[in-house]
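Reading through the structure tokens given below for one structure.
Numbering (this note's numbering), first residue to last: 4 to 288.
Pasting the structure below:
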């Protein structure tokens, strides 16, 4: 059969159309396969990253829990009524300047210390002009504290004129109370407590805390005294006190604790003076 020119052209065009349709169909099929393949790769990578992120999250969660337990342990060990040997800690560590809800270490004066330190107590009547009857004052062994404890034991009250002046000021001002920073064994605070005034007393050394606490217990002054076991400094940190032989009152701060002197040194947490406002519950002092 003869095919004219027009018929030939139509056949050619139909052939081209069939080819194009076939090519497009092939492209669609392969494109879908490629998309499926890339989709699988993307999903695989996403899953791998999700697993890594979860591992990192779990690791940090575990670290946070460890830090929390460490902090809780440190807080538990800060109980002043169960003395621990702090001399083994020879490194200083700066505290962060936080706004603490309860700054300082408040001493529970009603709980007795274990009998690990010799404390001698006497009745004092040197201030009978202001205070009657005599009141108890507890002391260090004289060989450890010849100036304050030694003087009081020999019936020469330490800084008697200064203490008398304080009592006179308080007598003339019935609303005044007393803040004693560096109270030592309470040579000033005890007569003030005997007068019936409130006292906020701060002391850094544990031995002084033990002696003063015994006086508070004998005088039953728990309700009027707030005793804080800290050093007062210009920042919150850890300070080291080096003891002076025969003179506990002469104990001084050293810059760094070392393995050589750690047996006789004492590490104490410091507070700033503004922290005391948390404990002052009176207006005049």
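A virtual CB, placed ideally from N, CA and C, is assigned to each residue, including glycine.
Contact check, residue i vs residue j, beta carbons under 7 Å
| i | j | result |
| --- | --- | --- |
| residue 214 | residue 274 | no |
| residue 232 | residue 110 | yes |
| residue 166 | residue 194 | yes |
| residue 313 | residue 186 | Residue 313 is absent from the structure shown; the chain starts at 4 and stops at 288. |
| residue 282 | residue 229 | yes |
| residue 221 | residue 200 | no |
| residue 218 | residue 204 | no |
| residue 235 | residue 188 | no |
| residue 155 | residue 170 | no |
| residue 196 | residue 179 | no |
| residue 254 | residue 247 | yes |
Outcome for residue i when other beta-carbon atoms lying within 10 angstroms are tallied against a minimum of 16
| i | result |
| --- | --- |
| residue 158 | exposed |
| residue 130 | buried |
| residue 44 | exposed |
| residue 244 | buried |
| residue 54 | exposed |
| residue 269 | buried |
| residue 287 | exposed |
| residue 57 | exposed |
| residue 113 | exposed |
| residue 91 | Low local confidence applies: a pLDDT of 26 at residue 91 is under 50, so the model's placement there is unreliable, with the coordinate-based value given in what follows. Classification of residue 91: exposed, given that the 10 Å Cβ count is below 16. |
| residue 181 | buried |
| residue 226 | exposed |
| residue 106 | buried |
| residue 210 | buried |
| residue 48 | exposed |
| residue 212 | buried |
| residue 148 | buried |
| residue 279 | buried |
| residue 238 | exposed |
| residue 66 | exposed |
| residue 146 | exposed |
| residue 272 | buried |
8 Å contact criterion, which residue i and residue j should meet: CB distance rounded
| i | j | result |
| --- | --- | --- |
| residue 127 | residue 116 | Residue 127 to residue 116, Cβ: 22 Å. No contact. |
| residue 151 | residue 208 | Contact flag wrong, Cβ pair sits at about 12 Å. |
| residue 198 | residue 133 | 7 Å |
Under the three-state DSSP convention, the category residue i falls into
| i | result |
| --- | --- |
| residue 235 | strand |
| residue 109 | strand |
| residue 121 | coil |
| residue 195 | helix |
| residue 248 | coil |
| residue 44 | helix |
| residue 5 | The pLDDT assigned to residue 5 is 44, lower than 50, so where the model puts this residue is not dependable; a value taken from the coordinates is nonetheless given after this. Coil, per DSSP. |
| residue 54 | helix |
| residue 280 | helix |
| residue 175 | helix |
| residue 65 | helix |
| residue 215 | helix |
| residue 221 | helix |
| residue 268 | strand |
| residue 226 | helix |
| residue 94 | Per-residue confidence for residue 94 stands at a pLDDT of 28, beneath the threshold of 50, marking its modelled position as unreliable; no derived number is given. |
Proximity test, residue i beta-carbon vs the ligand FMN heavy atom, cut-off 6 Å
| i | result |
| --- | --- |
| residue 148 | By its list of ligands, the structure shown contains no ligand whatsoever, and the ligand FMN lies outside what it can speak to. |
_Minimum length 4: unbroken alpha helix (DSSP H) runs contained in the segment 134-172_ = DSSP runs (the alpha helix (DSSP H)) wholly in the segment 134-172: 151-156.
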